[in-house]
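Residues in the sequence shown are numbered consecutively from 1, following full-length UniProt numbering.
These notes are about the structure you will find just below.
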Amino acid sequence: MALLGDGSLYAWGQNSSGQLGIGNLDNQFVPVCISALRGSKVIDLKGGHRHAMAITAQYDLYAWGNNNKGQLGN
1 MALLGDGSLY AWGQNSSGQL GIGNLDNQFV PVCISALRGS KVIDLKGGHR HAMAITAQYD
61 LYAWGNNNKG QLGN
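Quick look at the structure:
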C-alpha cells in the first residue's frame with residue numbers, strides 16, 4: 001500500500017482476503033486507487049496479515065480484509 005501526499009491510497013499485490021480494499025479478490029500487479037476512500041484524505045494506514053486499516057483527516061476509521069480473529073473491530 002502507498003499513501004500519497006494528497007491523502008489518496010493505492011494498493012497492489014496479493015488480495016485473496018480482500019486486504020487491498022478494492023471491492024474484489026483479484027490480485028493486482030500495478031497500483032490501483034482504493035476508490036471507496038476517494039474524496040477522503042487518508043492521514044495514516046496500517047497493514048496486518050491479510051487486513052488493513054486507514055484513518056482519515058475527519059478521524060473516520062476504515063478496516064477491510066480478513067476478520068477471522070475480529071481484527072477489523074466489528
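Using N, Cα and C, we set each Cβ at its ideal position, and we do this for glycine too.
As the crow flies, the alpha-carbon of Asp26 is around 9 Å from that of Ser17. The C-beta distance from Pro31 to Ala2 rounds to 6 Å, short enough to meet the 8 Å contact threshold.
Asp60 and Leu4 have their C-alpha atoms spaced approximately 18 Å apart. In the three-state DSSP reduction, Leu4 falls in the coil class, being neither helix nor strand. Take the alpha-carbon of Lys46 and the one of Asn68: they are about 18 Å apart. Taking C-alpha positions only, Gly7 is separated from Gly65 by approximately 21 Å.
A Cβ-Cβ contact shorter than 8 Å links Leu9 with Ile34.
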